[in-house]
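Numbering (the numbering used here), first residue to last: 11 to 391. Note that the Cβ used here is the ideal one computed from N, Cα and C, for glycine as well.
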């Protein structure tokens, strides 16, 4: 029986996918086969010897010790694209919030409750909440993946000019873009030419403070910024300073910190990007399928620490080896399988880590494989 531990409330449409004859799902297991998690922080958690995978029901994995998991042979999955429509819709909302002073106007109108002749007061005071339309303006989109691409297309439908930047743009993602979306190879074009900028890239050491004082200085006066991806992608202190100087007209962010909270012309949302029942369902279903495919077949799709890999089992066993991506390790692995006939072999790498799958006839010595220096975990299916 494979035990699946849930670390947060996971949508039932996801947990119900697990076959009850082979899987048990609970939040009580001490040494589970796999973990399903949303926002719970796992950095201080000790992982049991039976744990082979963690599936994050969402895109970001900053709540998971990804590298430590890789070195323990634990595959970490995420669910890219499962919440893309939810974030796209919030981004369109953020475009309008950044332009039309909607939150300020609503708060002012609510404050008139109980005052005499409120309708007349509203009509007389509404002029101070005027704001520009987005139609005809230029939206700069940093990151044209599942989310950014949908936002770009939606903005085109709303009559905006769209300029996109993504150094890792895939052929499939490019084909999904509306023809009028212009893609630049120079991110500085986004900063210099856009009236609105929205960012949709993963957070890592290379993307931290993608927008900082230097980038803000390039922008048009009155630019409006949207950050629904990760708080650390935009330097809060630099943005607040730029707002005070009149460079930035509005900043809408889905990430609260003490720098932006309470600041004029900053709208802080409580991380609502994927907070729709549809998104939570989609993420749970995708996460469940990823775990099942890996546990039963050794197939990796959408991992953040190991490469995508798939090899059909045609022989007696499928040997799955998580290991360091270093020279000569493959020959040591195949050497340790000398007692079996290797029908097929697949080796893929991702950064410092690699995954080797061997379709074998005969038996293999799992302990001998695990004893090889640089091998993290071995599974024989």
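Exercise. What is the rounded straight-line gap between the Cα of residue 34 and the Cα of residue 14?
Worked result: Reading the chain shown from its first residue, position 24 is the one you call residue 34. Reading the chain shown from its first residue, position 4 is the one you call residue 14. Going from the Cα of residue 34 to the Cα of residue 14 covers about 6 angstroms.
Exercise. Is the region 290-298 close to the region 88-100, with three or more CB pairs under 8 angstroms?
Worked result: Segments in contact, yes.
For this session: Could you tell me the boundaries of the alpha helix (DSSP H) in which residue 77 lies?
Result: Sequence index remark: in the chain shown, residue 77 carries index 67 (1-based). Residues 76-81.
Exercise. Distance, Cα to Cα, residue 4 vs residue 165?
Worked result: Residue 4 lies beyond the residue range present for the chain, which begins at 11 and ends at 391; the question has no answer from this structure.
Exercise. Residues bridged to residue 178 by DSSP?
Worked result: Counting from one through the chain shown, the residue named residue 178 turns up at place 168. Note: residue 178 sits in no beta bridge, so no partner.
Exercise. Considering only the beta carbon of each residue, do residue 237 and residue 90 sit closer than 8 angstroms?
Worked result: Locating residue 237 in the chain shown gives position 227, counting from the first residue. Locating residue 90 in the chain shown gives position 80, counting from the first residue. Not closer than 8 angstroms, so no.
For this session: Just mark residue 391 as buried or exposed, buried being the case when its beta carbon has 16 or more other beta carbons within 10 Å.
Result: What you label residue 391 is simply residue 381 of the chain shown in a count that begins at 1. Looking at its Cβ environment, which holds fewer than 16 other Cβ atoms inside 10 Å, residue 391 is exposed.
For this session: List the endpoints of the continuous alpha helix (DSSP H) containing residue 45.
Result: Position 35 of the chain shown holds residue 45. Bounds of any alpha helix (DSSP H) do not take in residue 45; it lies within the beta strand (DSSP E) bounded by 44-47.
Exercise. If we call anything under 8 angstroms between Cβ atoms a contact, is residue 106 one with residue 144?
Worked result: Counting from 1 along the chain shown, the entry for residue 106 is found at position 96. Counting from 1 along the chain shown, the entry for residue 144 is found at position 134. Cβ atoms of residue 106 and residue 144: closer than 8 angstroms.
Problem set entry | Straight-line gap, residue 46 to residue 65 (C-alpha atoms, nearest Å) | Counting from 1 along the chain shown, the entry for residue 46 is found at position 36. Counting from 1 along the chain shown, the entry for residue 65 is found at position 55. Spanning the two alpha carbons is a distance of roughly 5 angstroms.
Problem set entry | Coil, strand or helix - residue 363 by DSSP | Sequence index remark: in the chain shown, residue 363 carries index 353 (1-based). Strand.
For this session: Can you check the region 142-208 for any beta strand (DSSP E) of at least 3 residues that lies completely inside it and give the ranges in chain order?
Result: With a minimum length of 3 residues, the continuous beta strand (DSSP E) runs that stay inside the region 142-208 are 148-152, 171-175, 192-194.
Exercise. What number of angstroms, rounded off, separates the C-alpha of residue 138 from the C-alpha of residue 174?
Worked result: Against the chain shown, residue 138 aligns to sequence position 128. Against the chain shown, residue 174 aligns to sequence position 164. Their backbone Cα atoms lie some 33 angstroms apart in a straight line.
For this session: Whole angstroms is fine: what's the gap from residue 134's alpha carbon to residue 121's?
Result: In the chain shown, residue 134 corresponds to position 124, counting from 1. In the chain shown, residue 121 corresponds to position 111, counting from 1. When rounded, the distance between both Cα atoms is 15 angstroms.
For this session: Taking only heavy atoms of the ligand GTP into account, decide whether any of them is closer than 7 angstroms to the Cβ of residue 154.
Result: This structure does not include the ligand GTP; it has no bound ligands of any sort.
Exercise. So residue 299 and residue 27 are in contact, right, with Cβ under 8 angstroms, and what is the actual spacing, rounded?
Worked result: Here residue 299 corresponds to residue number 289 of the chain shown, with the count starting at 1. Here residue 27 corresponds to residue number 17 of the chain shown, with the count starting at 1. Going by Cβ atoms, the distance from residue 299 to residue 27 rounds to 7 angstroms, so yes, they are a contact pair.
Exercise. Of the residues 152, 186, 191, 368, which one's Cα is nearest the Cα of residue 212?
Worked result: Stepping through the chain shown from its first residue, residue 212 is reached at position 202. Considering only alpha carbons, the answer is 152.
Problem set entry | Backbone CA spacing between residue 61 and residue 80 [nearest angstrom] | One-based indexing of the chain shown puts residue 61 at position 51. One-based indexing of the chain shown puts residue 80 at position 70. C-alpha separation (whole angstroms): 12 angstroms.
Problem set entry | Host alpha helix (DSSP H) of residue 89 (start-end) | As a working note, residue 89 is residue 79 in the chain shown. Premise fails: residue 89 is in no alpha helix (DSSP H) and is neither H nor E.
Exercise. The beta strand (DSSP E) with residue 290 in it runs from where to where?
Worked result: As a position in the chain shown, residue 290 is number 280, starting the count at 1. Boundaries around residue 290 are those of the alpha helix (DSSP H), 287-307, since no beta strand (DSSP E) includes it.
For this session: Express the C-alpha separation of residue 140 and residue 72 in angstroms, rounding to a whole number.
Result: Translated into positions along the chain shown, residue 72 becomes position 62. Translated into positions along the chain shown, residue 140 becomes position 130. Roughly 39 angstroms between the two C-alpha positions.
Exercise. On the three-state DSSP scale, how would you describe residue 71?
Worked result: Counting from one through the chain shown, the residue named residue 71 turns up at place 61. If DSSP states are grouped into helix, strand and coil, residue 71 belongs with coil.
For this session: Could you check which residue in 40, 74, 42, 23 has the C-alpha nearest to that of residue 48?
Result: Numbered from its first residue, the chain shown carries residue 48 at position 38. Comparing alpha carbon positions, the residue from 40, 74, 42, 23 closest to residue 48 is 74.
Problem set entry | Three-state class that DSSP yields for residue 62 in the structure shown | Taking the first residue of the chain shown as position 1, residue 62 is located at position 52. Reduced to three states, the DSSP call for residue 62 is coil.
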